[in-house]
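Beneath this line is the structure, given in structure tokens, with notes to follow.
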Amino acid sequence: MAKADPLASYNAKRDFGRTREPRGEAAAGGGHQFLVQKHDATRLHWDFRLEMDGVLKSWAVTRGPSPDPADKRLAVRTEDHPLAYATFEGSIPKGEYGGGTVMLWDRGRWEPVGGKDPAKTLEQGHVHVRLHGERMQGEWLLVRLKPRPGEKRENWLLRKVQDEAAQSGDMLVETGLTSVATGRTMAEIARDADAVWQNGAETHGARPERKARSPAAKAARTPKRRAAAARAHPPAFRPVQLATLVDAVPSGSGWIHEVKFDGYRALLAIGGGAARAYTRHGLDWSDRFAPIVAAARGLAPGGALIDGEVVALDRNGRPSFSALQAALTEGGPLHYFAFDLLEEGGEDLTSLSTLDRKARLSHLLEGVSPPIHYTEHVESGGEALFRQLCADGYEGIVAKAAHAPYRGARSRAWLKVKCIQRQEFILIGYTESDKAGRDLRSLLVGVRESDALRYAGRVGTGFTAATRADLIQRLAPLRRATPAAPVPRAAARGVIWVEPALVAEIAFAEFTAEAVVRHASFIGLREDKRAEEVVAERPAAAPGGANGRFGVEISHPERVIFAGSGTTKGALAAYYAALAEPMLRWVGNRPVSLVRCPQGRAKHCFFQKHDAGSFGDAVGHVAIREKKGGEEQYLVIPDGRGLLTCVQMGTIEFHGWGAPADDVEHPDRLVFDLDPDEGLGFSEVASAAHQLHDLLGEMGLRSFPLVSGGKGVHVVVPLDRGRDWPAVKDFASRFARAVAEAHPRRFTANMRKIERRGRIFVDWLRNERGATAVLPYSARSRDRATVAAPVSWRELATLPDAQPFTVEDAETLLARAAGAELRGWGEADQTLPDL
135 MAKADPLASY NAKRDFGRTR EPRGEAAAGG GHQFLVQKHD ATRLHWDFRL
185 EMDGVLKSWA VTRGPSPDPA DKRLAVRTED HPLAYATFEG SIPKGEYGGG
235 TVMLWDRGRW EPVGGKDPAK TLEQGHVHVR LHGERMQGEW LLVRLKPRPG
285 EKRENWLLRK VQDEAAQSGD MLVETGLTSV ATGRTMAEIA RDADAVWQNG
335 AETHGARPER KARSPAAKAA RTPKRRAAAA RAHPPAFRPV QLATLVDAVP
385 SGSGWIHEVK FDGYRALLAI GGGAARAYTR HGLDWSDRFA PIVAAARGLA
435 PGGALIDGEV VALDRNGRPS FSALQAALTE GGPLHYFAFD LLEEGGEDLT
485 SLSTLDRKAR LSHLLEGVSP PIHYTEHVES GGEALFRQLC ADGYEGIVAK
535 AAHAPYRGAR SRAWLKVKCI QRQEFILIGY TESDKAGRDL RSLLVGVRES
585 DALRYAGRVG TGFTAATRAD LIQRLAPLRR ATPAAPVPRA AARGVIWVEP
635 ALVAEIAFAE FTAEAVVRHA SFIGLREDKR AEEVVAERPA AAPGGANGRF
685 GVEISHPERV IFAGSGTTKG ALAAYYAALA EPMLRWVGNR PVSLVRCPQG
735 RAKHCFFQKH DAGSFGDAVG HVAIREKKGG EEQYLVIPDG RGLLTCVQMG
785 TIEFHGWGAP ADDVEHPDRL VFDLDPDEGL GFSEVASAAH QLHDLLGEMG
835 LRSFPLVSGG KGVHVVVPLD RGRDWPAVKD FASRFARAVA EAHPRRFTAN
885 MRKIERRGRI FVDWLRNERG ATAVLPYSAR SRDRATVAAP VSWRELATLP
935 DAQPFTVEDA ETLLARAAGA ELRGWGEADQ TLPDL
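Per the working numbering, residue 135 is the first one in the sequence shown, and the count goes up by one each step.
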């Protein structure tokens, strides 16, 4: 008996004279590709396809795949598709089977899980695969549901399995707005004439028109609905609700979380076949947002007032303010993300809860096509969503009280949390470049505080040739003789002052102690905001946020500082709070240097040893005479509040002098850092440390090992402060050289890399005035948040490496610090002998 054609159903449903979909032809089996096609047909859905037995096994996922294991998505089994369909993207003509726009939304390969062949388990009602796609990652499970009586279609559930790729909340569908093959949006694919066939021939130009309604369809509309549509008018503008900037995603239940879109706020007023678009201040921008207004006209014949954001997308499909400016000035696709509904059918909905209004909005926009989008939200996992959005390059998150009414003012019922600091500033001046072709060098900006304009710094990056030319053209007519705000003399040199009329969006790392922006970058001009309303935004504490111990509020506790382990700033602060007592034995009352990484250890980090006042009164200082003369204020941490304040300011590592702050000229410890050559195992380093321990012991000196959290070991020798720095440095140098001469195959006292080959460098240079060494219990700016930790000589020989602990081991380290094995670690009243 001939084998049934698996693509017979596929071919029977299509007229290949009218559609560019590939004709169904089975191929040889053995491949493991998978793909997802976003399909705007009768109902928007995502077609999930797995290559098996020479065809694409297919399911229509009505709400799209979710990375949250708690979300189970209905997946309706459809006919097998040919392998050639894996690259199909375009528009299927209206009236044909599956008519609508098709986007290649994801692609990659799959592999079986547990050694079971999905081609066989498919018939048993389950498919378990691991996906390696551009959007879908990790393990996924398809399970067939028990059919109900009379049910013809095969219903399955698609869900994510809990693994390292799982995420709380569902934002794959919301953030994946462009094709993985062409970078186009659904609207751009629909407009592409080369991708559209209609009536057997190509149509060039406009998208095929919808078929006219039949007389029967028109008659089916009720008289009541016709009357409502006839008398409906677009609702009037009303004030919009604004969000309060906070420093962390609010914790606890009762909040929903949405993407913070990087665009222009807009109200869409719809009714009677007409539509208007208003800015946040009530300006009618219907002409500027014409494509969105045109798409909105037929959404709500009975009238509606929708709140949302107008955006343009960058090449990666993310909302981009720069792309929006280009789209508005040079032409380009616009999108509208609707997130609230204020009125519908003449009914005021503002007294309803956020969830109820969004439910009404979802129903109103069911089946809507780009450029109009419904904004999805999550009701749990806001912190995880925020981390993911920041990692993907989004602006941030908006958290909304789930049961609050809509209020046309700024309130704490809506909270915004930004991935990086961004806000509006007023342009007060600019400098010109002396280089040919670069008219603009930098901008000077200000903000309003206490009804006065204050200088807020200089912006020198983020400009393109087009934005430089546009800014010069806009600023030139605004020139004035004097600055609109007091500006420091050094910052005022060569500046052309302008009237404070233009508002710009600026991204920056932080405010300095002088309240000016640091590492500022120009994003674009804000035409929707007035200069008089621009004030400095200071983040408030989020409800249920991280109010750390010692009275220190940790901002952005959800920010991932260590990419390798996913450790956050909040987790780092919690670690230092827990280890404050044992750590302060070493960091307290000692000049310290800090390794600060405000945006995480993978970003820009810097070493800081002087106090410029940016830490406030929480961190002390000591005046120390410099080698070149004069004095500098060095940082001193007096207590837990000071420790946590440093963490709040982006500190990861703490390094300390070998002398206390009350007597900086007389060291209280020696440190020999054993730094191995690449390729030497840790057991060799541990053995070398034991050898130094024995040699020092022969001289009457007790020593203690500290695993560095990197690749080496510090041998710490406490002292009684009986010698000054020259004597201690001389001892350390002569001891290290003597060890290297006695054991040349194992040690070198020369820091040159070429001298270190196959050997261990005994770094004695940490024992001179001004030098520092990492302090016990300090975290390290490594990939996975390792810790410099005291150990005993006994256990050193048993350790696999110098990184046995991370900040996640706070409880273990605290218990060890109080335990018998480390009792008295680093303590010995001993005098440095003559050598």
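Yeah, the Cβ is synthetic: ideal placement off N, Cα and C, and Gly gets one too.
- Separation of ALA625 and TYR589 (C-alpha to C-alpha, rounded to the nearest whole angstrom) is 10 angstroms.
- Distance from the CA atom of PRO725 to the CA atom of ARG546, rounded to whole angstroms, is 42 angstroms.
- Unbroken alpha helix (DSSP H) runs of no fewer than 4 residues, entirely contained in the segment 455-503, are found at 455-464, 488-498, following chain order.
- In its chain, beyond the 5 residues on either side, no residue has a beta carbon closer than 7 angstroms to the beta carbon of GLU285.
- Between GLU223 and ARG241 a beta carbon distance of about 11 angstroms is seen, past the 8 angstroms cut, so the two are scored as non-contacting.
- Under the three-state reduction of DSSP output, ASP864 falls in the helix class.
- Per the DSSP secondary-structure output, TYR540 pairs with nothing in a beta bridge.
- Counting only unbroken stretches of 4 or more residues, the alpha helix (DSSP H) elements lying wholly within the segment 725-790 are 774-782, in sequence order.
- DSSP places MET186 inside the beta strand (DSSP E), whose first and last residues are 178-186.
- DSSP places VAL170 inside the beta strand (DSSP E), whose first and last residues are 167-174.
- When beta bridges are read from the DSSP output, GLY843 appears opposite no residue.
- Taking every protein chain shown into account, the CB of LEU184 has 16 or more other CB atoms within 10 angstroms, so this residue is buried.
- For the pair of segments examined, the segment 800-814 was found to touch the segment 884-896: the number of CB pairs separated by less than 8 angstroms reaches three.
- With a minimum length of 3 residues, the unbroken runs of beta strand (DSSP E) contained wholly in the segment 575-615 fall at 586-593.
- Residues of the same chain with a CB within less than 7 angstroms of the CB of ARG422, apart from the 5 flanking positions on each side, are LEU462 in chain order.
- The beta carbon of ALA951 is closer than 6 angstroms to those of PRO716 in its chain, skipping five residues each way along the sequence.
- DSSP, read as helix, strand or coil, puts PHE656 in strand.
- Within the same chain, Cβ atoms closer than 6 angstroms to the Cβ of VAL295 are found at GLU273, LEU275, the five residues on either side in sequence being excluded.
- Bounds of the alpha helix (DSSP H) holding ALA142 are 142-146.
- DSSP, read as helix, strand or coil, puts ARG879 in coil.
- In this chain, the beta strand (DSSP E) harbouring PRO216 covers 207-216.
- The count of Cβ pairs closer than 8 angstroms, one atom from the segment 693-707 and one from the segment 599-618, stays below three, leaving the stretches out of contact.
- A direct Cα-Cα distance of roughly 34 angstroms separates GLY594 from SER313.
- Following the DSSP letters along the chain, one finds GLN375 in no alpha helix (DSSP H), marked with neither H nor E.
- Distance from the Cα of LEU376 is smallest, within the candidate group GLN825, ALA543, GLN459, for ALA543.
- Residue nearest to VAL925 within the set ALA919, ASP935, ARG916, ALA175 is ASP935 (criterion: CA-CA distance).
- If you check the CB distance, GLU529 and LYS552 come in under 8 angstroms.
- Under DSSP, the beta-bridge partners assigned to ASN289 are VAL210.
- Note on PRO620: under 16 other CB atoms within 10 angstroms of its CB, so exposed under the neighbour-count rule.
- About 11 angstroms separates the beta carbon of GLY317 from that of ARG452, a gap too long to meet the 8 angstroms contact definition.
- TRP389 and VAL444 have their C-alpha atoms some 24 angstroms from each other.
- Distance from the CA of PRO910 to the CA of ARG592, rounded to the nearest whole angstrom, comes to 40 angstroms.
- In the structure shown, LEU853 adopts coil according to DSSP, grouped into three states.
- GLU648 and SER748 have their C-alpha atoms roughly 8 angstroms apart.
- Counted as a single uninterrupted DSSP element, the alpha helix (DSSP H) harbouring GLU257 occupies residues 252-258.
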